[in-house]
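Trainee:
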Amino acid sequence: MVTLTAGDTGAVAKLNHGGVGTEQNVSGIHFKSNPKGSLSVTGSGISVAGLGSAHIGHVRLDGNNVKMTVVFPKLNVKGDLKVKFDTFSLSFGIDLRIVNLKLAVVASFRNSKILAVEDVKVAMKAEKMRVAVVDNELLSK
Numbered sequence: 042m043v044t045l046t047a048g049d050t051g052a053v054a055k056l057n058h059g060g061v062g063t064e065q066n067v068s069g070i071h072f073k074s075n076p077k078g079s080l081s082v083t084g085s086g087i088s089v090a091g092l093g094s095a096h097i098g099h100v101r102l103d104g105n106n107v108k109m110t111v112v113f114p115k116l117n118v119k120g121d122l123k124v125k126f127d128t129f130s131l132s133f134g135i136d137l138r139i140v141n142l143k144l145a146v147v148a149s150f151r152n153s154k155i156l157a158v159e160d161v162k163v164a165m166k167a168e169k170m171r172v173a174v175v176d177n178e179l180l181s182k
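Listed below in structure tokens is the structure:
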């Protein structure tokens with residue numbers, strides 16, 4: 042196992058090495074309790090396949106709220122991410138596959154003459170998710 046520690050944030054990433062024929066994987070990144078610092082996540086080359094297969098489950102009006110469910114039978118998201126927390130930085134590619142993603146959306150409208158959205162809440166649930174991390178800096182060093 043290889044451990045990488047970054048700066049005063051106390052960020053620790055553990056790298057597991059399997060036996061012959063097994064994949065290497067990062068088991069987790071743990072931060073000390075009450076870490077302080079700015080967190081940013083940026084992405085590039087993000088592509089999403091499967092948006093066209095979405096369908097509306099139901100739409101209901103409830104006072105000033107519109108409640109709706111949207112179902113995506115299959116989604117595939119690929120791209121490169123960079124996560125920075127204070128002095129800790131990690132870049133990697135992802136391949137995220139989601140089966141039966143259900144979004145529950147509630148849009149609240151302001152009660153006025155001009156139609157304006159006041160708030161939007163989204164909850165999501167997936168039947169199955171699989172994430173593959175590729176081009177990981179921890180694995181290439």
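For our numbering, count along the sequence shown from 1 and bump the result up by 41. Beta carbons are placed, not taken as given, at the ideal position from N, Cα and C, and that holds for glycine.
Residue 149 to residue 133, Cα distance in whole Å?
Mentor: Using only the alpha carbons, I get a separation of about 37 Å.
Trainee: Any idea if residue 116 is buried or exposed, counting beta-carbon neighbours within 10 angstroms, 16 or more meaning buried?
Mentor: Per the 10 Å Cβ criterion, buried.
Trainee: Residues in its own chain within less than 6 Å of residue 94 by CB, not counting five upstream and five downstream?
Mentor: Excluding residues within five positions, the ones whose Cβ falls inside 6 Å are 114.
Trainee: What residues in its chain sit with their C-beta under 7 Å from that of residue 88, if we drop five residues either side in the sequence?
Mentor: Excluding positions up to five away in sequence, the list reads 119, 120.
Trainee: Can you tell me which residues form a DSSP beta bridge with residue 117?
Mentor: Partner(s): 90, 138.
Trainee: Can residue 145 and residue 167 be called in contact, C-beta distance under 8 Å?
Mentor: Cβ distance not < 8 Å, so residue 145 and residue 167 don't count as in contact.
Trainee: Could you pull the DSSP bridge partners for residue 151 from this structure?
Mentor: DSSP output for residue 151 lists no bridge partner at all.
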